[in-house]
Structures are given as C-alpha cells and as structure tokens.
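**Q**
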Amino acid sequence: MKQNEMIRLGMIAVLLTQTLIAMAASDMGPPAATLRAAAEARGMHIGSSVDEDALRTDTDYAGVLAREFDSLTPENSMKFAESHPAPFRYTFADGDAVVDFAEKHNMQVHGHVLVWHEQLPKWLTQGHWTHAQLRKILREYIFRIVGHYQGRVNVWDVVSEAVDDNGAMRQTFWSRGLGPDYIALAFQWAHEANPDALLLYNDYGGDGGGAKADAIFKLVQRLHEQGVPINGVGLQMHTSVDDPPDTKAVSANMARLHQLGLQVYITEMDVMIKLPVTRAKLEAQAGIYRNMMSVCLAAENCHNFTSWGFTDRYSWIPQFFPGNGAALIFDEQMQAKPSYRALMDVLSASGASSP
Ligand code: 9MR
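700 is the number of the first residue of the sequence shown in my numbering; add one for each residue after it.
1) What residues sit near the ligand 9MR, counting only those whose C-beta is closer than 7 Å to one of its heavy atoms, in chain order?
2) Check whether the region 968-987 and the region 924-933 are in contact - that is, three or more C-beta pairs closer than 8 Å.
3) Rounding to the nearest angstrom, what Cα-Cα distance links Glu1031 and His830 in this structure?
4) Between which two residues does the beta strand (DSSP E) containing His937 stretch?
5) Please state whether DSSP places Lys973 in a helix, a strand or coil.
6) Comparing C-alpha positions only, which one of Pro786, His847, Asp864 and Ser748 sits nearest to His811?
7) Take the Cβ of Ser839 as the centre, count every other Cβ of all protein chains shown within 10 Å, and call the residue buried at 16 or more, exposed below.
8) Note down, in chain order, each residue of its chain lying with its Cβ closer than 6 Å to the Cβ of His957, except the 5 sequence neighbours on either side.
9) Give me the DSSP bridge partner(s) of Asn1003.
10) Taking all protein chains shown into account, decide if His827 is buried (16 or more other Cβ within 10 angstroms of its Cβ) or exposed.
11) Just the Cα atoms here: how many angstroms apart are Val798 and Gly907?
12) Which class does Gln920 belong to by DSSP, given the choice of helix, strand or coil?
13) Assuming the contact rule is C-beta atoms closer than 8 Å, Leu961 and His923 should be a hit. Round their C-beta distance to whole Å, please.
14) What are the boundary residues of the beta strand (DSSP E) that Pro1017 is part of?
15) With H, G and I counted as helix, E and B as strand and the rest as coil, what does DSSP make of Val664?
16) Roughly how many angstroms separate the alpha carbons of Gln825 and Phe779, rounded to a whole number?
17) Within the continuous beta strand (DSSP E) that includes Asn901, where are the two ends?
18) Using only the alpha-carbon positions, how far apart do Tyr789 and Ser859 sit?
19) Going residue by residue through the region 797-881, where are the continuous alpha helix (DSSP H) segments of at least 4 residues, counting only ones entirely within it?
20) Check whether the region 983-994 touches the region 936-950, taking contact to mean three or more Cβ pairs, one atom from each stretch, closer than 8 Å.
21) Excluding the 5 residues flanking Ser782 on each side, which residues of the same chain have their C-beta closer than 8 Å to its C-beta?
22) Can you look up Asp1044 in the DSSP assignment and give me helix, strand or coil?
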C-alpha cells in the first residue's frame, strides 16, 4: 500500500473512532422515530382518544394510532349511554375492541368516564328514582364496568366536569339525585371495584389559574383530606390558537396539585383553529402543543399527555364549534403537522426542559 493511502485510511479510522466516542459520551443513540418511542425515553406516556368507528373501518387510522401512541382513551364507548343503554343491558363490544387493540399493541387504556352529566341514557334520566334507588344504580354501574375491565383498564376518569364554569358546583342529574356526596361515593365505589386502579377527577377550563381551577383544586383538596381514594386530576386542555393557555399558570397548578400528592394527566388536549387554516396559525398551534408538553415534562407529577383524537379526519371540534377545526397533530390526509414535529422536538430534547 502506498504511504499516502495508508495516511488516508488512518485518518478515516481516527474520524470514525472520534464519532463513536462522541456518540457514546453524549448517550445520543439514534433519534426516536415515533412519538411513543420519544415519550418512553422521557418516562412519559403519549395518548390519544379513540374514535371507535374509525378504529373499525379506517386502516390508516389504526396504523398511525398503533405506531405513535402508547395510551388510549375510548372517546365514547365506555360512557353510560353507550355501555348501559337499557336497564338490564350492558354493551361492552366497542370498549372491548379498544382494549383488545391496546393490548395487541402494548398500550395502556384510560377508562372514560364513570360519572358525567352528559351521554346518559333516557331510561336513566327520565326515570323517577328515590335517592336509594339511584344510589344502587350508580353503585352497580361502577362495579359492573370497572369490574369488567379489571386488570385491563387501570386508570379511570371517575367523575368529569362536576364544577361549573363560574366555579360553583354544577347542578346535574347526579348532584340533584344523590346530593353533593355523589363524588366521594363514586371514588369509593371505583376503588372497591378495582383497588389497583388510579382514579382521576377530570375537567376542562381549569388547566391553569382562575375561579374554576381554584374550585377544582379546593374540591380535590377536600376529597383528599377526607381520605377519599383520589389519585389525580385530569386537565382536559381543550384550547384554541386565539386563546392559548397561560404556561406559567398551568405549571403552578400542576405544582400545587403535586403538593397534595396528586398526579396530573393531560387528558383531552386539542388546539382549535378558526378556519381557514394558515401557516401562521399552524405554527401558533405547534407552539401551544410544545409549551404544554414542556410544562408536563418539567412537572414532577405529569406523566401522561393525551390529545382528544390525533387526526383532523376525526375530531369533535367542527361539529361543536362550526367554523373551527384542524385542532389535532395530523391533518385529514394523515400527514404530520407542525404540532407533531413540535411534540417530537420537545420530547427528543435531552434533559429536563423548561417551558
Ligand atoms: O368527543 C366526544 C364526542 O364524540 C361526543 O359526541 C361528546 C358528547 O358530549 O363528547 C365528546 O367528548 C367529550 C368528553 O367525553 C368529555 N370532555 C369533553 C369532550 C368534548 O366534548
């Protein structure tokens, strides 16, 4: 071999060694290719709600769901009207399909929701029940559904949206029929039905500061002090590009819940855009996803970040807020949006991130 060839080979060897040493020293490894891999490396779960019809019919949908997420929340199938549509009938098929899919793809399931004032069946809301009868109905319902998924669903939204937008306790079918104790009872029954389950109070519009956030805090503080088996609070995080959440306030809210020994879950995040979609609005949306993931990563008690759907192909927003949409991290063609990239970036950044 000629001398200059040997020198060239030697230089290549040195460069290669240096690169390998640098990689080992910074513990880089190859960058994560999916959200779930990036989340796992940070000790986080990344979730989505599941549209049960889409799961059955849309193979693109199922493929992206399995690839990118490791936590699933059934969007509707475990609600009272769906799972207990008639007095002596329980229908678990759609919920079972979500749980089967999750197990097949090594994901966890977040049960949603045991006690809520919406999506209640007519047989229930139009019946004339005594206090004792209604108590028996709710107790049996909770034991039946939590029991059915025992060992397979170990996180439950036990009560959702019991606080009104002004911070007062919401007057609902449940509060009117059972009195204010219905919340504590529901947690107690859920705990008895599955002592291993992590039990959450879940609400919207109280993610950061303000009267509602304070009222939610006082509610869970009271429950906690009374020894009610509550483990955490779900911050739904339904937000909008025009009214972004206050990052510092969300961070402070998580911290005070941590002081109480409670977990926080981001349970239903989406960021609606007033149509038409523009590049600037997509970037603003990405900033909101990024900030909320950063806040969650920086908090000691936030380990699950779940959005309410993942593709604009299926989202509750256009129907409930006409003129708005595009709230999720994949578009209708199932292409990743800037918000996806933002989550990936913040999850892949090494070390603790600050908002
Ligand atoms: O996304 C859900 C939609 O398909 C249902 O029609 C609707 C019924 O009110 O509930 C939606 O999900 C809600 C969730 O269960 C609780 N928090 C608010 C969500 C959006 O309304």
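The beta-carbon is built from N, C-alpha and C at its ideal position, and this holds for glycine as well. As the structure is a computational prediction, the values presented were derived from the model and not from experiment.
**A** To lay it out plainly:
1) For the ligand 9MR, the selected residues are Ser748, Glu774, Asn775, Lys778, His811, Val812, Trp815, Glu817, Gln818, Ser859, Glu860, Tyr903, Gln935, His937, Glu967, Trp1007, Trp1015 and Phe1019.
2) no
3) Taking the straight line from one Cα to the other gives about 47 Å.
4) Its beta strand (DSSP E) spans residues His937 to Ser939.
5) strand
6) Ser748
7) It should be pointed out that residue 839 corresponds to Glu in this sequence rather than to Ser. Burial call: exposed.
8) Glu999 and Asn1000
9) Asn1003 pairs with His744 and Tyr964.
10) exposed
11) In a straight line, the C-alpha of Val798 is about 32 Å away from that of Gly907.
12) helix
13) 7 Å
14) Premise fails: Pro1017 lies in the alpha helix (DSSP H), Ile1016 to Phe1019, not in any beta strand (DSSP E).
15) Nothing about residue 664 can be read from this structure; the chain reaches only from 700 to 1054.
16) The straight-line gap from Cα to Cα measures roughly 14 Å.
17) Leu897 to Asp902
18) Taking C-alpha positions only, Tyr789 is separated from Ser859 by approximately 21 Å.
19) Within the region 797-881, the complete alpha helix (DSSP H) runs of at least 4 residues fall at 821-824, 830-847 and 872-877.
20) yes
21) Ser776, Tyr789, Thr790, Phe791, Gly794 and Ile844
22) helix
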